[in-house]
Amino acid sequence: MLQGRLVILRPLSLDDVDREHRWINDHEVTQHLNMRYAVSRAAEEAWLRDVASKVASWGHVWFAIEIAATGQHIGNINFHEVVAEDRKARLGMMIGEKSHWSRGFGTDALMTFLRFGFEEMNLHRIDLLVDANNPRAIACYRKCGMVEEARLRQNRYARGRYVDQLVMGVLRDEWRAVYAKYGGASDA
Amino acid sequence: MLEGTLVNLRAQEMDDLERNMRWLNDRAVTRTLAMRYQVSLLAEEGWMRQRTARPLNWENAVFAIETKDGEHIGNAGLHGKAVEDRVAELGIMIGERPYWNRGYGTDAVRTLVRFGFEEMNLNRIYLHAYDFNAGGLAAYRKCGFVEEGRMREAHWSEGAYHDIVIMSVLRDEYTPSPRNP
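The listed protein sequences correspond, in order, to chains W and Y.
If you read the first sequence in my numbering, its first letter stands for residue 9, the second for the next number, and so on.
If you read the second sequence in my numbering, its first letter stands for residue 4, the second for the next number, and so on.
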């Protein structure tokens, strides 16, 4: 379990299936995710069983985001496309509980997750893709030190049109400076 | 077979194995590719057997590049991503060094881009190139690819981190290259 200022990151559990299933079928939640089709309860359960039963490792990093004060599960964060030689990873994040948007939980989860990636996994670089028309997410990523590196034109099709996506990335040294200012928790 | 001005693109065959092996173990060739480790004959043979046994398709439209004289000089392909987004990634290797910087790669890319838009019905074709690959970057620009940005220090090789340049061409921007009769 990883301690942030506002949230903790813990392993996913089969008990999370109701929430996960609700979030993944909420169009407002998934509109900026790489999700298009409705997900059955059975499919969601199979996915969760798979993710939650695998031993976490370099190639399999998934956390549930919980509010530290209340224990409420509000979303997930994970790495995919981890490359050993380049020491880089791409991350994905979802805050499924809409009532908890724009309240600093996502920022804290990301700060805490980056700390894990850089300080425990020994990554050199972490990046993500974000829709260019998702200013709320972009603002959160900027706060965490992520820099806009590329604009992928018409990289995604949704709601009747092509949308640009941004690559945002942060290097370990940059992140360390940002994190020191943020005054986040340490696992030490 | 896809016809360009200097090259033709054809399906890969098992007969290409020996050349592919030679190229994939030539560091001068692979330093611009996402390839790091030496490739054994058995591994390459297995890989090629798998590829050549199946028809080319959306995810794996990889061709052998031949000169008009029928000399196999490299490979190039498109790898379709999410179908709904109509995006594919382009990759190319000119393995025969005497054919570098003579327009063969550029012609192969143009031919492939035309295939991507006109036959695969793509909307966006992108590629990744390392920042030190000046020859490649210039060739891609000639083919209409636009630099979209750089993933900083995203590639480690030869003892240092290098940026990965992302380039793309969109269907709207694409002007068909002159076709052979």
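Note that CB positions come from ideal geometry on N, CA and C, so glycine has one too.
Note that the C-beta distance between isoleucine 146 of chain W and leucine 174 of chain W is below 8 Å. The Cβ atoms of tryptophan 66 of chain W and asparagine 86 of chain W do not sit closer than 8 Å to each other. Interface flag for alanine 158 of chain W against chain Y is set, since a Cβ pair is found closer than 8 Å. In terms of Cβ geometry, methionine 38 of chain Y and leucine 81 of chain Y do not form a close pair [threshold 8 Å]. At a cut-off of 8 Å, the C-beta of asparagine 163 of chain W has a neighbouring C-beta in chain Y. Excluding sequence positions up to five before and after leucine 160 of chain W, its CB lies within less than 8 Å of the CB of Leu137, Asp172, Gln173, Leu174 and Val175, all in the same chain and listed in chain order. At a cut-off of 4 residues, the continuous stretches assigned as alpha helix (DSSP H) that sit fully inside the region 37-68 of chain W are 49-61.
Between valine 168 of chain Y and cysteine 146 of chain Y, the gap from beta carbon to beta carbon reaches 8 Å or more. Excluding the 5 residues flanking it on each side, serine 171 of chain Y has same chain C-beta neighbours closer than 8 Å at Arg127, Ile128, Tyr129, Leu130, Phe148, Val149 and Glu151, in chain order. In the three-state scheme derived from DSSP, where H, G and I count as helix and E and B as strand, aspartate 94 of chain W is classed as coil. Judged by DSSP secondary structure, tyrosine 190 of chain W falls within the alpha helix (DSSP H) whose first and last residues are 180-190. The Cβ atoms of aspartate 94 of chain W and leucine 56 of chain W lie no closer than 8 Å to each other. Shown here, arginine 133 of chain W sits in a strand according to DSSP, grouped into three states. At a cut-off of 8 Å, the C-beta of alanine 132 of chain Y has no neighbouring C-beta in chain W. Looking at the DSSP output, glutamate 6 of chain Y bridges to Y:Asn11.
No Cβ-Cβ contact shorter than 8 Å links glycine 104 of chain W with histidine 88 of chain W. With a cut-off of 8 Å on Cβ pairs, the region 75-94 of chain Y is not in contact with the region 39-58 of chain Y, counting fewer than three such pairs.
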